[in-house]
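Take a look at the structure set out below.
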Ligand code: PEP
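Residue numbers (full-length UniProt numbering): 6 to 263.
And the structure:
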């Protein structure tokens with residue numbers, strides 16, 4: 006894990022308009038600077054709603070903030086008659102580095118299939134965006150004990166057919182559905198078990214060097230009080246943070262977990 010730069014990504018979901026986004030991003034930057042945060046130690050990313058991205062871009066590029074940012078979703082298509090959808094080309098033009106793909110709230114609320122999630126991963130890569138590919142099992146699958154198989158199947162479906170160079174550009178986020186927004190965090194051992202299985206599956210899909218380089222995040226009720234122990238596990242390279250990323254104090258302290 007020593008060669009992989011830890012990554013903390015804040016998924017704001019459908020929270021904060023562009024004025025609130027400006028406020029949070031400025032305050033987060035000041036807080037991390039005050040703490041002498043070095044982005045080479047831990048990379049910090051925010052994923053605001055689409056309508057905030059232009060304001061975030063202006064701030065980050067204008068004031069040279071070290072935060073990176075991205076979208077919460079993208080279209081599998083590049084342009085055309087897809088009312089309401091957002092192209093990866095538009096996100097790239099706004100200076101996005103990342104884009105979340107296949108978040109469980111999209112898989113469930115918008116019936117996104119593994120096939121569609123795979124097409125979105127490809128769309129992200131076409132536009133030089135780093136997809137944060139979200140995978141994770143619902144509670145009934147966890148109870149049945151088939152969680153590793155479930156997650157690896159989702160991963161294979163999304164990455165199948167990509168070459169090792171493409172796979173190496175992907176970040177994977179293991180987000181057990183039962184832990185998202187519930188306050189119920191997976192134990193560090195649970196997170197490690199699945200993150201290690203994801204890395205092993207990446208080795209099979211690509212090769213050992215790619216598996217060693219790919220960052221695997223844990224997501225699900227990550228808070229300042231539980232992040233350090235999760236980050237001690239060898240295959241957990243960061244966190245995808247929902248609720249706690251809306252508080253500057255909490256998210257900054259998650260980024261400063263060491
Ligand atoms: C998420 O939205 O990806 C998430 C993990 O949410 P929370 O941290 O609120 O559980």
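Ideal Cβ positions, reconstructed from N, Cα and C, are used throughout, including at glycine.
Residue 132 has its alpha-carbon roughly 16 angstroms from the corresponding atom of residue 85.
Taken in chain order, the unbroken stretches of beta strand (DSSP E) that lie wholly in the stretch 64 to 102 and span 3 residues or more are 73 to 76.
Nearest neighbour of residue 261 by Cα position, chosen from 251, 16, 29 and 41, turns out to be 41. Under the DSSP definition of a beta bridge, residue 259 lacks any partner. In terms of Cα proximity to residue 168, the closest of 216, 190, 223 and 248 is 216.
For residue 153, the enclosing alpha helix (DSSP H) has its first and last residue at 152 to 164. Per DSSP, reduced to three states, the secondary structure at residue 19 is coil, with no helix or strand assignment. Beta bridge pairing from DSSP links residue 178 with 139 and 222.
Judged by their CB atoms, residue 135 and residue 103 are nearer to each other than the 8 angstroms cut-off. 139 is the residue among 228, 139, 257 and 186 whose C-alpha sits nearest the C-alpha of residue 199.
In this structure, residue 142 lies away from residue 81, with their beta-carbon atoms at least 8 angstroms apart. Assigned with DSSP and collapsed to three states, residue 145 falls in helix. Judged by beta-carbon spacing, residue 176 lies beyond the 8 angstroms limit of residue 231, meaning their Cβ atoms are not closer than that value.
In the three-state scheme derived from DSSP, where H, G and I count as helix and E and B as strand, residue 48 is classed as strand. Within 7 angstroms of the C-beta of residue 252 there is not a single heavy atom belonging to ligand 1. With contacts defined as CB atoms closer than 8 angstroms, residue 224 and residue 185 qualify as a contacting pair. Across the set 23, 123, 110 and 47, the C-alpha of 123 shows the shortest separation from the C-alpha of residue 163.
For residue 105, the secondary structure class from DSSP, reduced to helix, strand or coil, is strand. Non-local C-beta neighbours of residue 256 in its own chain, meaning closer than 7 angstroms and more than five positions away in sequence, comprise 15, 33, 246, 249 and 250, ordered along the chain.
Counting only the Cα atoms, residue 174 lies some 10 angstroms from residue 129. Considering only 207, 62 and 221, the residue with the shortest C-alpha distance to residue 172 is 207.
For residue 16, the Cβ falls inside the 7 angstroms cut-off from some heavy atom of ligand 1.
Residue 258 has its Cβ no nearer than 7 angstroms to any heavy atom of ligand 1. Taking residue 19 as the centre and dropping the five residues before and after it, the same chain places the C-beta of 54 closer than 7 angstroms to its C-beta, in chain order.
Assignment of residue 37 by DSSP, reduced to helix, strand and coil, places it in the helix class. Out of 148, 205 and 57, the CA that lies nearest to the CA of residue 158 is found in 205.
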